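Protein chains: 2
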Amino acid sequence: MNAPLKAVSGSERAGATLAVAMREIGREARKAARALALAPAAQKNKALAAMAEAVRGSRSAILAANAEDRAEAKSTGATAAFLDRLSLDAGRIDAMATGLDVIRKLKDPVGTVMSAWRRPNGMRIERVRVPLGVVGVIYESRPNVTADAGALCLKAGNAAILRGGSESFRSCRAIHAALVEGLVEAGLPRSAIALIPTRDREAVGMMLAGLDDAIDVIVPRGGKNLVGRVQTEARVPVFAHLEGVCHVYVDGKAKLGMAKSIVLNAKMRRTGVCGAAETLLVDRAGAAKLLKPLVTMLLDAGCEIRGDAAVQAVDSRVKPASKADWGTEYLDAILTAGVVDGVDAAIAHIERYGSHHTDAIITEDKNAAEKFLREVDSAIVLHNASTQFADGGEFGFGAEIGIATGRLHARGPVGVEQLTTFKYRIRGSGQTRP
Amino acid sequence: MNAPLKAVSGSERAGATLAVAMREIGREARKAARALALAPAAQKNKALAAMAEAVRGSRSAILAANAEDRAEAKSTGATAAFLDRLSLDAGRIDAMATGLDVIRKLKDPVGTVMSAWRRPNGMRIERVRVPLGVVGVIYESRPNVTADAGALCLKAGNAAILRGGSESFRSCRAIHAALVEGLVEAGLPRSAIALIPTRDREAVGMMLAGLDDAIDVIVPRGGKNLVGRVQTEARVPVFAHLEGVCHVYVDGKAKLGMAKSIVLNAKMRRTGVCGAAETLLVDRAGAAKLLKPLVTMLLDAGCEIRGDAAVQAVDSRVKPASKADWGTEYLDAILTAGVVDGVDAAIAHIERYGSHHTDAIITEDKNAAEKFLREVDSAIVLHNASTQFADGGEFGFGAEIGIATGRLHARGPVGVEQLTTFKYRIRGSGQTRP
Numbered sequence: 001m002n003a004p005l006k007a008v009s010g011s012e013r014a015g016a017t018l019a020v021a022m023r024e025i026g027r028e029a030r031k032a033a034r035a036l037a038l039a040p041a042a043q044k045n046k047a048l049a050a051m052a053e054a055v056r057g058s059r060s061a062i063l064a065a066n067a068e069d070r071a072e073a074k075s076t077g078a079t080a081a082f083l084d085r086l087s088l089d090a091g092r093i094d095a096m097a098t099g100l101d102v103i104r105k106l107k108d109p110v111g112t113v114m115s116a117w118r119r120p121n122g123m124r125i126e127r128v129r130v131p132l133g134v135v136g137v138i139y140e141s142r143p144n145v146t147a148d149a150g151a152l153c154l155k156a157g158n159a160a161i162l163r164g165g166s167e168s169f170r171s172c173r174a175i176h177a178a179l180v181e182g183l184v185e186a187g188l189p190r191s192a193i194a195l196i197p198t199r200d201r202e203a204v205g206m207m208l209a210g211l212d213d214a215i216d217v218i219v220p221r222g223g224k225n226l227v228g229r230v231q232t233e234a235r236v237p238v239f240a241h242l243e244g245v246c247h248v249y250v251d252g253k254a255k256l257g258m259a260k261s262i263v264l265n266a267k268m269r270r271t272g273v274c275g276a277a278e279t280l281l282v283d284r285a286g287a288a289k290l291l292k293p294l295v296t297m298l299l300d301a302g303c304e305i306r307g308d309a310a311v312q313a314v315d316s317r318v319k320p321a322s323k324a325d326w327g328t329e330y331l332d333a334i335l336t337a338g339v340v341d342g343v344d345a346a347i348a349h350i351e352r353y354g355s356h357h358t359d360a361i362i363t364e365d366k367n368a369a370e371k372f373l374r375e376v377d378s379a380i381v382l383h384n385a386s387t388q389f390a391d392g393g394e395f396g397f398g399a400e401i402g403i404a405t406g407r408l409h410a411r412g413p414v415g416v417e418q419l420t421t422f423k424y425r426i427r428g429s430g431q432t433r434p
Numbered sequence: 435m436n437a438p439l440k441a442v443s444g445s446e447r448a449g450a451t452l453a454v455a456m457r458e459i460g461r462e463a464r465k466a467a468r469a470l471a472l473a474p475a476a477q478k479n480k481a482l483a484a485m486a487e488a489v490r491g492s493r494s495a496i497l498a499a500n501a502e503d504r505a506e507a508k509s510t511g512a513t514a515a516f517l518d519r520l521s522l523d524a525g526r527i528d529a530m531a532t533g534l535d536v537i538r539k540l541k542d543p544v545g546t547v548m549s550a551w552r553r554p555n556g557m558r559i560e561r562v563r564v565p566l567g568v569v570g571v572i573y574e575s576r577p578n579v580t581a582d583a584g585a586l587c588l589k590a591g592n593a594a595i596l597r598g599g600s601e602s603f604r605s606c607r608a609i610h611a612a613l614v615e616g617l618v619e620a621g622l623p624r625s626a627i628a629l630i631p632t633r634d635r636e637a638v639g640m641m642l643a644g645l646d647d648a649i650d651v652i653v654p655r656g657g658k659n660l661v662g663r664v665q666t667e668a669r670v671p672v673f674a675h676l677e678g679v680c681h682v683y684v685d686g687k688a689k690l691g692m693a694k695s696i697v698l699n700a701k702m703r704r705t706g707v708c709g710a711a712e713t714l715l716v717d718r719a720g721a722a723k724l725l726k727p728l729v730t731m732l733l734d735a736g737c738e739i740r741g742d743a744a745v746q747a748v749d750s751r752v753k754p755a756s757k758a759d760w761g762t763e764y765l766d767a768i769l770t771a772g773v774v775d776g777v778d779a780a781i782a783h784i785e786r787y788g789s790h791h792t793d794a795i796i797t798e799d800k801n802a803a804e805k806f807l808r809e810v811d812s813a814i815v816l817h818n819a820s821t822q823f824a825d826g827g828e829f830g831f832g833a834e835i836g837i838a839t840g841r842l843h844a845r846g847p848v849g850v851e852q853l854t855t856f857k858y859r860i861r862g863s864g865q866t867r868p
């Protein structure tokens with residue numbers, strides 16, 4: 001009090017103003033979280049229905065905002081891939097609204113009794129799902145994340161603080177306005193889904209380290225740079241994966257036909273998703289039968305293969321794998337391939353080079369399969385199925401906010417249930433502790 | 435490389451040496467965690483049985499070490515309460531061994547299928563419990579935590595890095611030696627339970643911020659200063675509660691007899707435990723009937739009461755409550771008491787002043803009870819039962835490493851199940867993603 005005013009530069013002053021605004025957003029989100037936690041499923045669903053309608057009704061406003069974002073991005077030399085991620089059209093806006101409908105139709109996880117038991121003294125203990133609180137979501141160019149993430153958080157009874165990419169700021173703002181319309185229509189607080197109202201990049205740092213009291217968990221959605229920064233700087237828990245260096249191990253006892261279809265799907269169905277295979281390991285015991293057909297199939301499908309000596313030997317198109325290749329997530333039509341001595345060597349290789357995301361074994365040998373499923377320490381392990389199933393929708397979660405490779409709370413696809421926590425509810429009849 | 439050597443002070447050099455040693459402990463723990471994760475239940479149980487035997491067999495060595503710790507603590511002017519926490523005798527050593535037996539008899543959580551479902555494409559998805567990895571435990575004067583925490587971590591398949599209080603260093607080392615004997619006898623790695631081999635206080639800082647790669651979660655066991663420091667400085671998740679400002683709300687529809695026995699138990703059974711009640715709230719609607727008997731009973735039992743005006747009015751021994759009292763965890767025979775306007779006001783009070791630990795309502799009114807259980811956002815909420823049931827043993831968990839008020843992963847008593855995480859195991863028959 002009455003401390004002499006310190007001279008501050010313009011940017012320091014702006015930073016201080018931003019900090020004040022961010023703290024206010026945090027406080028409001030915390031308050032909204034309390035309201036949402038107690039909101040009945042019907043009210044949340046009413047909001048989600050109204051949001052979908054508002055998104056559909058705001059199509060032209062969203063497209064106009066998006067056109068401005070795109071024009072600016074183009075003028076600053078954004079790549080075609082970037083512009084594609086940024087771009088919205090009528091189809092993408094409809095898909096966003098449909099996504100809101102899908103989330104609305106999910107079962108409300110809040111209030112579910114996860115387990116219940118009675119104690120010898122007659123007390124009944126229940127573990128009940130409750131919302132996490134406030135979820136911070138930091139994303140990059142895709143503006144549709146605004147709707148997807150905001151709605152998933154809402155369904156789970158959480159308030160959301162969203163921070164979109166600065167390049168998609170206008171698009172996110174237009175989508176966010178539609179979400180707020182839906183909240184208001186259902187009588188829920190506007191601040192239940194907040195969008196950071198500035199492109200100032202300092203806001204991200206404040207979300208990561210300045211709002212510990214207001215944010216319970218942060219979910220980054222974007223490339224490795226964003227995720228790495230969030231994992232390094234966040235003062236609150238993070239649900240994320242830095243990378244998906246996913247392996248397919250083809251055991252000597254695999255059927256060639258099944259191995260071919262799974263390997264092709266795991267690598268080539270979509271190369272840019274985190275569950276895409278990046279490394280193929282083939283059992284030396286089956287290599288004579290399996291290796292050449294698999295390698296030829298992939299090369300013919302347009303996949304570059306970087307292999308060890310054994311893999312190079314089967315096709316002249318195979319390039320040599322460098323040491324770094326074994327730990328690389330290409331997110332492209334490139335695969336590292338090698339021959340290993342059975343399931344134990346495959347497991348050891350995966351533990352050494354993998355990212356604990358998703359790994360698969362193909363085999364008819366039950367013992368090898370069980371060993372692999374037990375010993376590979378990844379969020380998702382599969383037997384005789386494609387790694388591309390690493391997806392909340394494919395798990396039956398309806399929707400996901402991302403995939404986590406952290407060990408705590410959420411691991412694998414983060415759906416609406418993983419966005420909740422629990423409390424214990426105990427019903428007694430006068431019990432006291434002896 | 436070949437950088438000129440910087441002159442370092444003795445303590446800098448010691449710090450660097452310690453950092454190297456700590457990183458080595460971290461690496462070894464990580465390796466041991468892998469072995470433990472795959473160790474069958476029988477092998478872990480063999481180790482636990484051998485540990486109990488070794489603790490019993492090392493009684494004189496442990497007592498001798500403890501005598502040295504106590505002599506030093508006395509010479510530096512430790513309080514009687516501190517010396518009591520530090521002290522071991524034959525009974526406490528037996529209790530430690532019995533605790534190891536109790537943990538051995540718990541069900542092994544690793545490998546349990548938590549849920550399972552089949553997808554329309556025929557894939558079967560299972561969510562299976564797996565160990566967390568490496569658990570860091572930082573504790574203060576009670577040396578028995580060495581055995582309790584080490585054994586609980588082991589049971590859940592986790593490696594443990596233990597850091598006891600520097601005052602109990604010799605006692606912890608003697609207990610730790612017995613645990614290692616048990617590990618070796620069962621063929622498990624010695625480093626599965628590591629004890630930081632120095633009293634250097636810098637080691638704590640390194641556990642909190644220098645071993646992120648080696649430690650998955652930290653559990654502080656001790657006073658508010660320790661827990662606060664760990665929560666502030668830790669770069670990894672923390673399972674803890676800073677304080678337990680637990681409330682008992684006596685509704686107007688409570689039976690006086692039940693209210694009396696629960697309130698007395700909640701406050702006075704043991705005043706120093708985190709589940710002890712610190713605040714009594716009485717419904718204005720029932721105050722005429724309930725308030726005086728409850729207040730008189732507590733005062734007569736030797737409890738100091740700090741009350742609002744209404745509570746002060748019923749007995750001249752009641753002292754006025756200050757603003758700070760409403761948020762204070764006394765851990766002593768002191769209680770703050772006030773009158774509120776029904777269950778809504780009670781809930782609002784608890785949300786404002788509570789610590790989200792454990793809160794109870796006493797009432798015969800089902801609606802008020804359900805409202806309280808639903809709306810109080812605490813790890814444990816009770817109806818017609820004492821807050822002193824906030825304990826893993828009382829929940830039927832067999833043993834606990836502490837109670838958590840954080841929202842993620844573990845909330846409430848942290849038992850052997852809460853020291854695990856999960857992975858998804860998928861069994862297919864050649865499925866690929868369309």
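Going down the list, the sequences are from chains A and P. Following our numbering from start to finish, the first sequence increments by one per residue and tops out at 434. Following our numbering from start to finish, the second sequence increments by one per residue and tops out at 868. C-beta: ideal position from N, C-alpha, C; glycine also. All of these numbers come straight from a predicted model, not from anything done at the bench.
### Query
What's the C-alpha gap between residue 785(P) and residue 764(P)?
Here the question's residue 785(P) lines up with position 351 in the second sequence. Here the question's residue 764(P) lines up with position 330 in the second sequence. For residue 785(P) and residue 764(P), the distance between alpha carbons rounds to 19 Å.
### Query
Start and end of the beta strand (DSSP E) containing residue 770(P)?
In the second sequence, residue 770(P) corresponds to position 336, counting from 1. 768-774 is the span of the beta strand (DSSP E), which, as asked, contains residue 770(P).
#### Entry: DSSP-derived helix/strand/coil call for residue 596(P)
The residue given as residue 596(P) occupies position 162 in the second sequence. Residue state, collapsed to three classes: strand.
### Query
Does the Cβ of residue 760(P) have 16 or more other Cβ atoms within 10 Å, making it buried, or fewer, making it exposed?
If you number the second sequence from 1, residue 760(P) lands on position 326. With a 10 Å radius around the Cβ and a threshold of 16 neighbouring Cβ atoms, residue 760(P) comes out buried.
### Query
Taking the beta strand (DSSP E) that residue 855(P) falls in, what are its first and last residues?
Walking along the second sequence from the start, residue 855(P) turns up at place 421. Per DSSP, residue 855(P) belongs to the beta strand (DSSP E) from 854-865.
### Message
Here's a check: name, in chain order, each residue in its chain whose Cβ is nearer than 8 Å to the Cβ of residue 441(P), leaving out the five neighbours to either side.
### Response
Position 7 of the second sequence, counted from the start, is the residue given in the question as residue 441(P). Unreliable placement is indicated for residue 441(P), whose pLDDT of 43 sits below 50; no coordinate value is reported for it.
### Message
For the region 252-268 of chain A, list every residue whose C-beta sits within 7 Å of some C-beta in chain P, in sequence order.
### Response
From the region 252-268 of chain A, only 258, 261, 262 and 265 have a Cβ closer than 7 Å to chain P.
### Query
What three-state label does DSSP hand residue 125(A) in the structure shown?
Working through the first sequence from its first residue, we reach residue 125(A) at position 125. Reduced to three states, the DSSP call for residue 125(A) is strand.
### Cβ of residue 431(A) within 8 Å of any chain P Cβ
Within the first sequence, residue 431(A) is the residue found at index 431, counting from 1. Judged by the 8 Å Cβ criterion, residue 431(A) is in contact with chain P.
### Query
If you check the beta carbons only, do residue 622(P) and residue 477(P) fall under 8 Å apart?
As a first step, residue 622(P) must be located in the second sequence, where it is residue number 188. As a first step, residue 477(P) must be located in the second sequence, where it is residue number 43. Result yes, Cβ atoms of residue 622(P) and residue 477(P) sit closer than 8 Å.
### Query
Quick one: is residue 805(P) buried, meaning 16 or more other Cβ sit within 10 Å of its Cβ, or exposed?
In the second sequence, counting from the first residue as 1, residue 805(P) sits at position 371. If you draw a 10 Å sphere on the C-beta of residue 805(P), you find 16 or more other C-beta atoms in it, and that means buried.
### Message
Can you give me the C-alpha to C-alpha distance between residue 455(P) and residue 584(P), rounded to a whole angstrom?
### Response
Along the second sequence, one-based indexing puts residue 455(P) at 21. Along the second sequence, one-based indexing puts residue 584(P) at 150. Whole-angstrom Cα-Cα distance: 20 Å.
### Query
What residues are listed by DSSP as bridge partners for residue 672(P)?
Looking up residue 672(P) in the second sequence gives position 238. Answer is 652(P).
### Task
Going by DSSP, name the residue or residues bridged to residue 193(A).
Walking along the first sequence from the start, residue 193(A) turns up at place 193. According to DSSP, residue 193(A) bridges with 160(A).
### Message
In the DSSP output, what is residue 412(A) paired with across the bridge?
### Response
Position 412 of the first sequence, counted from the start, is the residue given in the question as residue 412(A). Beta bridge pairing from DSSP links residue 412(A) with 404(A).
#### Entry: Alpha carbon of residue 788(P) to alpha carbon of residue 737(P), nearest angstrom
For this step, residue 788(P) is matched to residue 354 along the second sequence. For this step, residue 737(P) is matched to residue 303 along the second sequence. Distance between the alpha carbons of residue 788(P) and residue 737(P) is about 20 Å.
### Task
Would you list, in chain order, the members of the region 546-567 of chain P that have their beta-carbon closer than 8 Å to a beta-carbon of chain A?
Near chain A, meaning a CB-to-CB distance below 8 Å, the residues of the region 546-567 of chain P are 551, 553, 557, 559, 564, 566 and 567.
### Query
Within 8 Å (strictly less), CB to CB, does residue 180(A) reach chain P?
Residue 180(A) sits at position 180 when you count from the first residue of the first sequence. Not closer than 8 Å to any Cβ of chain P, the Cβ of residue 180(A) fails to qualify, so no.
### Message
According to DSSP, residue 814(P) sits in a beta bridge with which residue or residues?
### Response
For the purposes of this step, residue 814(P) is taken as the residue at position 380 of the second sequence. DSSP output for residue 814(P) lists 424(A) and 792(P) as bridge partner(s).
### Task
Would you grab the beta carbon distance between residue 688(P) and residue 700(P) for me? Rounded to a whole angstrom, and I think it's under 8 Å.
For the purposes of this step, residue 688(P) is taken as the residue at position 254 of the second sequence. For the purposes of this step, residue 700(P) is taken as the residue at position 266 of the second sequence. Not really, about 13 Å apart at Cβ, beyond 8 Å.
### Query
According to DSSP, is residue 764(P) helix, strand or coil?
Numbered from its first residue, the second sequence carries residue 764(P) at position 330. In this structure, residue 764(P) counts as coil in the three-state DSSP scheme.
### Task
Within the same chain, show all residues whose beta-carbon is closer than 8 Å to that of residue 117(A), passing over the 5 residues directly before and after it, in chain order.
The residue given as residue 117(A) occupies position 117 in the first sequence. If we look at residue 117(A) and ignore the five residues flanking it on each side, its Cβ neighbours are 124 and 125.
### Per DSSP, the bridge partner or partners of residue 681(P)
In the second sequence, counting from the first residue as 1, residue 681(P) sits at position 247. Its beta-bridge partners are 713(P) and 793(P).
### Message
Run through the DSSP bridge pairs and tell me what residue 316(A) is partnered with.
### Response
For the purposes of this step, residue 316(A) is identified with residue 316 of the first sequence, where counting begins at 1. Residue 316(A) pairs with nothing; no bridge assigned.
### Query
Grouping DSSP H, G and I as helix and E and B as strand, with all else coil, what is residue 13(A)?
Here residue 13(A) corresponds to residue number 13 of the first sequence, with the count starting at 1. Residue 13(A): helix per DSSP, three-state reduction.
### Message
I'd like to confirm something about residue 88(A): is its beta-carbon nearer than 7 Å to some heavy atom of the ligand MN, or not?
### Response
Of ligands this structure carries none, so the ligand MN is not represented either.
### Residues that residue 814(P) contacts on chain A, provided the C-beta gap is smaller than 8 Å
Indexing the second sequence from 1 puts residue 814(P) at position 380. Against residue 814(P), the close residues of chain A are 423, 424 and 426, in the order they occur along the chain (beta-carbon pairs closer than 8 Å).
### Task
Taking residue 384(A) as the query, report the chain P residues whose CB atoms sit under 8 Å from its CB, ordered along the chain.
Numbered from its first residue, the first sequence carries residue 384(A) at position 384. Neighbours of residue 384(A) on chain P, chain order: 861, 862, 863, 864 and 865.
### Query
Along chain A, in chain order, which residues have C-beta atoms closer than 9 Å to that of residue 736(P)?
Against the second sequence, residue 736(P) aligns to sequence position 302. Under the 9 Å cutoff, chain A gives no residues; its nearest Cβ is about 18 Å from residue 736(P).
### Task
Within its chain, find whatever has a CB closer than 6 Å to the CB of residue 194(A); leave out the 5 residues flanking it on each side and keep chain order.
Taking the first residue of the first sequence as position 1, residue 194(A) is located at position 194. Closer than 6 Å at the Cβ level, and outside the excluded window around residue 194(A), lie 25, 29 and 161.
### Query
Does residue 809(P) come within less than 8 Å of chain A when only Cβ atoms are used?
As a first step, residue 809(P) must be located in the second sequence, where it is residue number 375. At least one CB atom of chain A sits nearer than 8 Å to the CB of residue 809(P).
### Query
If you measure from the beta carbon of residue 409(A) to each beta carbon in chain P, is any gap under 8 Å?
Taking the first sequence and counting its residues from 1, the one referred to as residue 409(A) is at position 409. Using beta-carbon distances, residue 409(A) counts as an interface residue toward chain P, with a partner under 8 Å.
### Query
Can you give the Cα-Cα distance for residue 832(P) and residue 541(P), rounded to whole angstroms?
Your numbering for residue 832(P) matches position 398 in the second sequence. Your numbering for residue 541(P) matches position 107 in the second sequence. Going by the C-alpha atoms only, they are around 9 Å apart.
### Query
Are residue 47(A) and residue 156(A) touching if we call contact CB-CB under 8 Å?
Counted from its first residue, the first sequence places residue 47(A) at position 47. Counted from its first residue, the first sequence places residue 156(A) at position 156. No, Cβ-Cβ distance for residue 47(A) and residue 156(A) is not below 8 Å.
### Task
Could you tell me the distance, in whole angstroms, from the CA atom of residue 745(P) to the CA atom of residue 468(P)?
Within the second sequence, the letter at position 311 stands for residue 745(P). Within the second sequence, the letter at position 34 stands for residue 468(P). Between the alpha carbons of residue 745(P) and residue 468(P) lies a distance of about 58 Å.
### Message
Quick check on DSSP: helix, strand or coil for residue 452(P)?
### Response
To locate residue 452(P), count along the second sequence from 1; it is residue 18. Annotated three-state conformation of residue 452(P) is helix, per DSSP.
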